[in-house]
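This report refers to the structure that appears directly beneath it.
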Amino acid sequence: MFPLERQNKIVELLTVHKVLKISELTNRLQVSVDTLRRDVNLLTKAGKIEKIYGGVKIVETKFGESTINERMISNLAQKESIAQACSEYITDGDCIYIDSGSTTYQIAKYIKNRKNLTVVTNSIPVISELMTSDVELVIIGGKIRKNEQSVVTYDYLFNFDELNILKAFVCASGITIEKGISDYNLEEAITRKKMIERSKFVYVAADSSKFGKDVTINIAPLNKVDYLITDDEIDSTFIRSFKKAGSHLVVKKVE
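Residue numbers (UniProt numbering): 1 to 255.
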């Protein structure tokens, strides 16, 4: 594993576990203490992690949501597994919506060979990923959020009523049984609410770090969601709670 790959993996692990001992990291990465210390020093100088007694911890984003570029590399293995699971629900001839987000973006990589597939999206990275495929692409019109590489829209800019979506794959920054799914940005939340209303089936693709969080803007209660798809790092207490609530929780093993 190259140093940059190893450092990204350290950040991914800490994003999930928040705090890890040095011995835990050396075992997980199969590296020497000296090698790990060099990586830790570089990541500490970059402001991504913080040293504590006997270990390290993640440096949390101080104000709300991290950027799309940061999220594209965090929890990458989990997001790829979730995306692959989502792709299994997509069949030839579907008309689907793929939300802007680092997890939903990964779905695009697994559906390029679907036949007669139409993808409606507000994600510029999704458009770029599918541009050379045979997938029919529809991008919603509106204002571009440059730091999210997404398009947010309003009724007076885009006629949502003309859309007839079979399956919507949306992301969320927070998921709780009591409040459902939530996000940091009002404009993104409005777009997601509209797409949920226009879709027959709704799938939420979110890595396990999003569970137990209720962030700024409510998007939808769980009774508006057909499937929650996440990774096997999810705490077992959440699994039991969501089963009791009658939610369809799909846990994908990370390879």
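Just so you know, even glycine gets a beta-carbon here, dropped at the ideal spot from N, CA and C. Just so it is clear, the structure is predicted and the values come from calculations on it, not from any experiment.
Extent of the continuous alpha helix (DSSP H) run through residue i
i           : result
I190        : 186-197
S87         : 76-87
residue 293 : It is not possible to answer for residue 293, since the shown part of the chain is limited to 1 through 255.
T104        : 102-107
V40         : 33-45
E50         : Counting along the chain, E50 falls outside any alpha helix (DSSP H), though it belongs to the beta strand (DSSP E) covering 49-52.
CB of residue i within 7 Å of CB of residue j, strictly
i    : j    : result
A220 : I196 : yes
V59  : E50  : yes
V254 : A77  : yes
L20  : G47  : no
D214 : G246 : no
F211 : T104 : no
Y184 : T216 : yes
I144 : F158 : no
C86  : A205 : yes
S182 : S150 : no
K9   : K57  : no
S208 : E233 : yes
Local Cβ density within 10 Å of residue i, reported as buried at 16 or more and exposed below that
i    : result
P125 : buried
Q30  : exposed
I229 : buried
L4   : exposed
K167 : buried
V33  : exposed
T15  : buried
F2   : exposed
N223 : exposed
Y53  : exposed
L43  : buried
Residues of its chain near residue i, where Cβ-Cβ distance is below 7 Å and the 5 sequence neighbours each way are ignored
i    : result
F63  : With a pLDDT of 45 at F63, under the threshold of 50, the modelled position of that residue is not reliable, and no figure is offered here.
Q106 : K79, E80, A83
S241 : I177
L130 : A108, K112, V119, L137
Chain-order list of residues whose beta-carbon lies under 8 Å from that of residue i (same chain, five-residue window excluded)
i    : result
I165 : C95, I96, Y97, V120, M195, R198, S199, K200
L13  : L20, L25, R28
Residue i - containing beta strand (DSSP E), residue span
i   : result
K57 : 55-58
Cβ shell of residue i (< 6 Å), same chain only, five flanking positions each side left out
i    : result
L36  : L25, T26
D92  : R114, K115, N116
T118 : C95, E136
S81  : D231, K252, V254
K112 : S133
V138 : V120
E22  : The sequence given here has Ile at residue 22, not Glu. For I22, where only same-chain residues beyond five positions count, the Cβ hits under 6 Å are G55.
Within the region 206-233, note down every full beta strand (DSSP E) run reaching 3 residues or more, in order along the chain. 217-220, 227-231
Write down every uninterrupted run of the alpha helix (DSSP H) in the region 111-181 whose length is 4 residues or greater and which is fully enclosed by it, in chain order. Runs of the alpha helix (DSSP H) inside the region 111-181: 124-130.
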